[in-house]
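Numbering (the working numbering), first residue to last: 1 to 128. Single-structure report; data block below.
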């Protein structure tokens, strides 16, 4: 397994576990938009991979049904984690006032704005 794949896996599992425990409520915010932005823009590939993993963790949480009733996302075929990271940077640079918000909510908004299904695209139902 490549280092980048390992990082994605670790971050995705961590995001799932953090999200699961967050359903009970939490009094601590660990990761702001500003911190995410700095990590995503970093020239260090490990930080870039961590950013991509964080974005994928939020997306997978939406896909898994935890937030699917609030979002209808349709990604172009072949979209890559790096493209999502670059889209995240662009979104945050266009909305600097959101940097102090929770990183996961900024990602969810970016995904909603950037990848909302068109009217003619049917939403894929999750199989549980």
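Think of the CB as a built atom: it goes at the ideal place given N, C-alpha and C, for glycine as much as any other residue.
Would you kindly work out how many angstroms separate the C-alpha atoms of residue i and residue j, rounded to a whole number?
| i | j | result |
| --- | --- | --- |
| residue 116 | residue 91 | 14 Å |
| residue 109 | residue 32 | 14 Å |
| residue 78 | residue 44 | 24 Å |
| residue 107 | residue 119 | 22 Å |
| residue 99 | residue 34 | 5 Å |
| residue 42 | residue 72 | 30 Å |
| residue 97 | residue 113 | 16 Å |
| residue 63 | residue 104 | 14 Å |
| residue 111 | residue 27 | 25 Å |
| residue 70 | residue 102 | 18 Å |
| residue 59 | residue 89 | 16 Å |
| residue 37 | residue 53 | 13 Å |
| residue 76 | residue 95 | 23 Å |
Hey, could you find the ends of the alpha helix (DSSP H) residue i is sitting in?
| i | result |
| --- | --- |
| residue 117 | Here residue 117 belongs to no alpha helix (DSSP H), and DSSP marks it neither H nor E. |
| residue 45 | 45-63 |
| residue 84 | 81-94 |
| residue 34 | 33-41 |
Report yes if the C-beta of residue i is less than 6 Å from at least one heavy atom of the ligand MG; otherwise report no.
| i | result |
| --- | --- |
| residue 107 | You won't find the ligand MG in this model; it holds no ligand whatsoever. |
Let me confirm a value: residue i is counted as buried when at least 16 other C-beta atoms fall within 10 Å, else exposed. Which label applies?
| i | result |
| --- | --- |
| residue 74 | exposed |
| residue 93 | exposed |
| residue 29 | exposed |
| residue 61 | buried |
Near residue i, what residues of its chain come up, given a Cβ to Cβ distance below 7 Å and the 5 sequence neighbours on each side ignored?
| i | result |
| --- | --- |
| residue 39 | 47, 50, 51 |
So, for residue i: in the same chain, excluding its five sequence neighbours on each side, which residues have a beta-carbon less than 8 Å away from its beta-carbon?
| i | result |
| --- | --- |
| residue 21 | With a pLDDT of 46 at residue 21, under the threshold of 50, the modelled position of this residue cannot be trusted; read the value that follows with caution. There are no such residues. |
| residue 128 | At residue 128, the pLDDT of 48 sits below 50, so the modelled position is not reliable; the number obtained from the coordinates is stated separately. These residues qualify, in order along the chain: 65. |
Among the residues of its own chain, which have a CB less than 6 Å from the CB of residue i, if the five just before and after it don't count?
| i | result |
| --- | --- |
| residue 80 | none |
Checklist entry - Does the stretch 40-50 come close enough to the stretch 81-95 that 3 or more CB-CB pairs lie under 8 Å? => result yes
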